[in-house]
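Going by this note's numbering, the sequence shown opens with residue 2, and the numbers climb by one from there. Don't be surprised by glycine CBs; every beta carbon is placed ideally from N, CA and C. All of these numbers come straight from a predicted model, not from anything done at the bench.
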Amino acid sequence: MNSSNTQATAQKQTKSEAIMQLEFLAFTKQQKQYPNFPYPIKSNYTDATSNGLTKCVIDYIKLRGFHAERINSTGATKDNRKTSTDVLGNIRTIGSVQWIKSTTQNGTADISATIQGRTVKIEIKCKNTGDRYQSEAQKEYQKQIENAGGIYIVVRTFEDFYNWFNPKKQQNE
């Protein structure tokens, strides 16, 4: 293995202080929840993907005692096909597959949370996947939330979210 591959692997394996803190919180919760289990399993978090970053943010909020949930805004498929066999043994399929549009508002955030009684909407734009810009619908949704007195943040890394959630720790360093 050449040295550039070794360096790349080492960089991928390096976790931020924020993710290590999240893993510690999850481990501590597991130990409290199952005190008689001798071999607690260490949670492994990553913010290298949009799904991983979303899981980090939701779990951290919940581990800190607040409420958070993922908002599914994709819609669904409805299968109207029916299969039948005729007298000759031929299989026939009649009908179609239909896409049902989501009922959520266009541009809705990825996570809805309540932190210390405040509504917080969190949009995930993962730095590692190149997802950088909000759509016009997302910008409009952000304005609506902020005008209504809510908080709207865009999270690119878990460390960004951790520093937003814990502003005192950032000032003390």
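* Any contact of the stretch 73-80 with the stretch 126-139, i.e. 3+ C-beta pairs under 8 Å? -> The stretch 73-80 is not in contact with the stretch 126-139.
* Cα-Cα separation, Pro-41 to Gln-32 -> Going by C-alpha positions, Pro-41 is about 7 Å away from Gln-32.
* Asp-48: buried (16+ other C-beta within 10 angstroms of its C-beta) or exposed? -> Buried.
* Tell me where the beta strand (DSSP E) around Gln-99 begins and ends. => 98-101 is the extent of the beta strand (DSSP E) around Gln-99.
* **Beta-carbon proximity list for Lys-63, same chain, < 7 Å, skipping 5 on both sides** => Within the same chain, Lys-63 has close Cβ partners Ala-69.
* the stretch 11-30 touching the stretch 95-106, judged by at least three CB pairs closer than 8 Å -> The stretch 95-106 and the stretch 11-30 do not touch, with fewer than three beta-carbon pairs separated by less than 8 Å.
* Asked: What's the C-alpha gap between Val-58 and Ser-97?
  -> Roughly 39 Å between the two C-alpha positions.
* Quick one: is Asp-111 buried, meaning 16 or more other Cβ sit within 10 Å of its Cβ, or exposed? -> A buried status is given to Asp-111, since no fewer than 16 other beta-carbon atoms sit within 10 Å of its beta-carbon.
* May I ask you to list the residues that DSSP assigns as paired with Lys-122? => For Lys-122, which the question treats as bridged, DSSP gives the partners Ser-113, Tyr-153.
* **Asp-175, DSSP secondary structure in three states** => Limits of the chain in this structure are 2 at one end and 174 at the other, which puts residue 175 out of reach.
* Tell me the DSSP bridge mates of Glu-80? -> The amino acid at residue 80 is misidentified as Glu; the sequence shows Asp. Paired residues: Val-98.
* To do: Could you tell me the boundaries of the alpha helix (DSSP H) in which Ala-49 lies?
  => Per DSSP, Ala-49 belongs to no alpha helix (DSSP H) and is neither H nor E.
* Given a threshold of 16 other Cβ atoms within 10 Å of its Cβ, counted over all protein chains shown, does Ile-20 qualify as buried or as exposed? -> Within a 10 Å sphere around the beta-carbon of Ile-20 sit 16 or more other beta-carbons, which makes this residue buried.
* Asked: Which residues does DSSP pair with Ile-92 in a beta bridge?
  -> Partner residues in the beta bridge of Ile-92, as assigned by DSSP, are Thr-86.
* Cβ-Cβ distance between Gln-117 and Phe-67 below 9 Å -> Closer than 9 Å, so yes.
* Proximity below 9 Å, CB of Lys-122 to CB of Gly-151 -> Yes. Within cutoff.
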